[in-house]
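All residue numbers for the sequence shown refer to full-length UniProt numbering, where the first residue is 1 and numbers rise by one. Even glycine gets a Cβ: it sits at the ideal position worked out from N, Cα and C. The structure appears right after this line, and notes come after that.
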Amino acid sequence: MATLAKSDASPAPRTRGLKIPPQGVGGFDRSWFPICLSTDVGPGEVIGREFMDGQIVIWRGESGTPHVQSAFCRHLGAHLKVGEVVGEHIRCAFHHWSYDGKGQCIKIAAGDTPPRDATLFDFPTRESLGLIWAFNGDEPDVELPHFSAPEDTLLLKAHHVKDMNIDSYMVFSNSMDFQHLKVVHGVELIGDLEDLEITDRGMTYSQNMKIPGIGTVRQTIRAWGTNSIALEGVTMGRKTFQMSVGCPLPGNRARIFNIDSTVKPTDAPGDAQMAEQLIQIMIDFGDRLIAEDAPVHDSMSFRHDRMAESDKYLAMYLRFARLYPRHHPAADLIAV
1 MATLAKSDAS PAPRTRGLKI PPQGVGGFDR SWFPICLSTD VGPGEVIGRE
51 FMDGQIVIWR GESGTPHVQS AFCRHLGAHL KVGEVVGEHI RCAFHHWSYD
101 GKGQCIKIAA GDTPPRDATL FDFPTRESLG LIWAFNGDEP DVELPHFSAP
151 EDTLLLKAHH VKDMNIDSYM VFSNSMDFQH LKVVHGVELI GDLEDLEITD
201 RGMTYSQNMK IPGIGTVRQT IRAWGTNSIA LEGVTMGRKT FQMSVGCPLP
251 GNRARIFNID STVKPTDAPG DAQMAEQLIQ IMIDFGDRLI AEDAPVHDSM
301 SFRHDRMAES DKYLAMYLRF ARLYPRHHPA ADLIAV
């Protein structure tokens, strides 16, 4: 009986697909990040938070203007979250070095002249949509995420949903993961997506869909970077605006906030109640999506691996996320 000759060639190694480097490798996205709820810090208050791979403080002067700055005093490294806001300055608790709204040390209580380079990293800071935002960089080079309607025309609620053990881009890849939307969340897509536009800093498209508990809607979806997804449409006869945004935290984690809004109600009987009920429906739906995905997101080892035909738009999004520009000018100033 004939025998098969043994091949001297080693079998090809079995490998999984392409990794997307996590946030922190090569820097962090050059994006606007949600740091906290506007209600988390009042005039004359200071709080500390994790951000990227380090620590920051968020404080408001007596005027109410918010500031997001590196957390550690440039004298000996005391954490400014245990300091005190005095007027429009933040004062360190250890030796009473005081910093202004631009991060410059402007006073030393002992009477010494402050070193000219005793500066905190002052993140460009904005307050919008119920959140305090910081841009990762010295000067913003992208727009702050926003809705098409002016904020003062909206009834709006923002809330912290969950901290997750995954980068934001994976959470928000849902928006173009049509297999996932269908089989996990029960969303029925009607036709193909329309008006797709992709740049190196964002993407937009429109899609008709039937959403459980909400009904048939046409939504315009916009990705602001890899950490923010905005959805606009008409639900139950009212214009609706939703946004889900993520902030990178140490240890390859992300803090997720949701914003749900509709046009402000009129004086018509029942209109205010209708608006409140619609916002609650959107809040419940958004929270349910996160909860349904959390066991997977919190345990996965993500790779851009084998793709099916229906994954073509997801593949576009993953390429966009992989190529998004990064840097980290605040690295040493926020490091613990």
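Counting along the chain, where does the beta strand (DSSP E) carrying I283 start and finish? Position 283 of the sequence shown, counted from the start, is the residue given in the question as residue 283. Judged by DSSP secondary structure, I283 falls outside any beta strand (DSSP E) and instead within the alpha helix (DSSP H) spanning D271 to H297.
Give me the Cβ distance between C92 and H75, rounded to the nearest whole Å; I'm assuming they're in contact under 8 Å. In the sequence shown, counting from the first residue as 1, residue 92 sits at position 92. In the sequence shown, counting from the first residue as 1, residue 75 sits at position 75. 7 Å between Cβ atoms; contact.
I'd like the list of long-range same chain contacts for W59, defined as Cβ closer than 7 Å, with 5 residues on each side in sequence excluded. Here residue 59 is taken as the residue at index 59 of the sequence shown, counted from 1. The answer, listed in chain order, is V41, E45, V46, H67, V85 and I90.
Let me make sure I understand the geometry here. Which of V184, G24, N252 and Q277 has the alpha-carbon closest to that of K264? Taking the sequence shown and counting its residues from 1, one reaches residue 264 at position 264. Nearest C-alpha to K264: Q277.
Rounded to whole angstroms, what is the Cα-Cα separation between F123 and H79? Along the sequence shown, read from residue 1 onward, the residue named residue 123 stands at position 123. Along the sequence shown, read from residue 1 onward, the residue named residue 79 stands at position 79. Roughly 17 Å between the two C-alpha positions.
Nearest-angstrom beta carbon gap, N252 and Q23 [assumed within contact, 8 Å]: Position 23 of the sequence shown, counted from the start, is the residue given in the question as residue 23. Position 252 of the sequence shown, counted from the start, is the residue given in the question as residue 252. At roughly 7 Å, the Cβ-Cβ gap stays under 8 Å, so Q23 and N252 are in contact.
Cβ shell of L249 (< 8 Å), same chain only, five flanking positions each side left out: As a first step, residue 249 is located in the sequence shown; it is residue number 249 there, counting from the start. Correct list, in chain order: E50, F51, M52, D163 and R255.
Over the uninterrupted beta strand (DSSP E) stretch that includes F172, give me the two end residues. As a first step, residue 172 must be located in the sequence shown, where it is residue number 172. From DSSP, F172 is part of no beta strand (DSSP E) but of the alpha helix (DSSP H) over S168 to F172.
If you run the structure through DSSP and keep just helix, strand and coil, what is R326? As a first step, residue 326 is located in the sequence shown; it is residue number 326 there, counting from the start. Three-state result, R326: strand.
Kindly give me the distance between the Cβ atoms of N258 and H159, rounded to whole angstroms, as I take these residues to be in contact under 8 Å. Position 258 of the sequence shown, counting from 1, holds the residue named residue 258. Position 159 of the sequence shown, counting from 1, holds the residue named residue 159. That belief holds up - the Cβ atoms of N258 and H159 are roughly 6 Å apart, short of 8 Å.
Decide if T262 is buried, meaning its Cβ has at least 16 other Cβ atoms within 10 Å, or exposed. As a first step, residue 262 is located in the sequence shown; it is residue number 262 there, counting from the start. Buried.
With a threshold of 16 other CB atoms inside 10 Å of the CB of L18, please say whether the residue is buried or exposed. Your numbering for residue 18 matches position 18 in the sequence shown. Looking at its Cβ environment, which holds fewer than 16 other Cβ atoms inside 10 Å, L18 is exposed.
When DSSP labels each residue in this structure, what does A268 get in the three-state scheme? Locating residue 268 in the sequence shown gives position 268, counting from the first residue. In this structure, A268 counts as coil in the three-state DSSP scheme.
Spell out the partners DSSP gives N208 in its beta bridges. Numbered from its first residue, the sequence shown carries residue 208 at position 208. Paired residue(s): I190 and R218.
Do E232 and S168 count as a contact pair if the criterion is CB distance below 8 Å? Mapped onto the sequence shown, residue 168 falls at position 168. Mapped onto the sequence shown, residue 232 falls at position 232. The answer is no: Cβ separation not under 8 Å.
Could you tell me the distance, in whole angstroms, from the CA atom of R326 to the CA atom of W224? For this step, residue 326 is matched to residue 326 along the sequence shown. For this step, residue 224 is matched to residue 224 along the sequence shown. Between R326 and W224, the C-alpha separation is close to 14 Å.
How would you write the range of the alpha helix (DSSP H) that V183 sits in, first residue to last? Translated into positions along the sequence shown, residue 183 becomes position 183. It spans F178 to V183 - the alpha helix (DSSP H) in which V183 sits, taken as one unbroken run.
Please confirm if the region 134-141 is in contact with the region 313-329, defined as three or more CB-CB distances below 8 Å between the two stretches. yes
Just to check my reading of the structure: N208 and R218 have Cβ atoms closer than 8 Å, yes? What is that Cβ distance to the nearest angstrom? Taking the sequence shown and counting its residues from 1, the one referred to as residue 208 is at position 208. Taking the sequence shown and counting its residues from 1, the one referred to as residue 218 is at position 218. Rounded, the Cβ-Cβ distance is 5 Å, consistent with contact.
Whole runs of the beta strand (DSSP E) within the region 2-41, excluding any shorter than 3 residues: Within the region 2-41, the complete beta strand (DSSP E) segments at least 3 residues long are 32-37, listed from N- to C-terminus.
So, is D260 buried or exposed, given that buried needs 16 or more other C-beta atoms within 10 angstroms? By 1-based counting over the sequence shown, the position of residue 260 is 260. With 16 or more Cβ atoms within 10 Å of its Cβ, D260 is classed as buried.
Give the C-beta separation of K81 and G48 to the nearest angstrom, bearing in mind that I take them to be a contact with Cβ-Cβ under 8 Å. Your numbering for residue 81 matches position 81 in the sequence shown. Your numbering for residue 48 matches position 48 in the sequence shown. Yes, K81 and G48 are in contact; Cβ-Cβ is about 3 Å, under 8 Å.
I'd like the list of long-range same chain contacts for A272, defined as Cβ closer than 7 Å, with 5 residues on each side in sequence excluded. Taking the first residue of the sequence shown as 1, we reach residue 272 at position 272. Excluding residues within five positions, the ones whose Cβ falls inside 7 Å are P265.
Spatially closest choice to V161 from D29, L289 and D305, by CA coordinates: By 1-based counting over the sequence shown, the position of residue 161 is 161. Of D29, L289 and D305, the residue nearest in Cα terms is L289.
Assigned exposure category for V171 - 16 Cβ within 10 Å defines buried: As a working mapping, residue 171 is identified with position 171 in the sequence shown. Per the 10 Å Cβ criterion, buried.
Ordered along the chain, which non-local residues of its own chain (more than five positions away) have a Cβ less than 7 Å from that of R303? Within the sequence shown, numbered from 1, the residue matching residue 303 stands at position 303. Here the set comprises R16, G17, L18 and K19.
Whole-angstrom distance between Q104 and D284, CA atom to CA atom: Your numbering for residue 284 matches position 284 in the sequence shown. Your numbering for residue 104 matches position 104 in the sequence shown. Roughly 43 Å separates the two Cα atoms.
Could I get the ranges of all uninterrupted alpha helix (DSSP H) runs contained in the region 89-157, with 4 residues as the minimum, in chain order? none
Check whether P34 and G64 have beta carbons under 8 Å apart: In the sequence shown, the residue the question calls residue 34 occupies position 34. In the sequence shown, the residue the question calls residue 64 occupies position 64. Not a contact, by the Cβ cut-off of 8 Å.
Beta carbon of P145 nearer than 8 Å to that of M282: Translated into positions along the sequence shown, residue 145 becomes position 145. Translated into positions along the sequence shown, residue 282 becomes position 282. Result no, Cβ atoms of P145 and M282 do not sit closer than 8 Å.
Over what stretch of residues does the alpha helix (DSSP H) that includes L333 continue unbroken? The residue labelled residue 333 in the question sits at position 333 within the sequence shown. First-last of the alpha helix (DSSP H) with L333: A331 to I334.
Quick check on DSSP: helix, strand or coil for A254? Translated into positions along the sequence shown, residue 254 becomes position 254. Strand at A254.
Check for me: the beta strand (DSSP E) holding P248 runs from which residue to which? Your numbering for residue 248 matches position 248 in the sequence shown. Note, P248: beta strand (DSSP E), R238 to L249.
My output table needs one value for R306: the three-state DSSP class, helix, strand or coil. Looking up residue 306 in the sequence shown gives position 306. Reduced to three states, the DSSP call for R306 is coil.
Just reading off the beta strand (DSSP E) that G61 is part of, what are its end residues? Position 61 of the sequence shown, counting from 1, holds the residue named residue 61. No beta strand (DSSP E) contains G61, which DSSP labels as neither H nor E.
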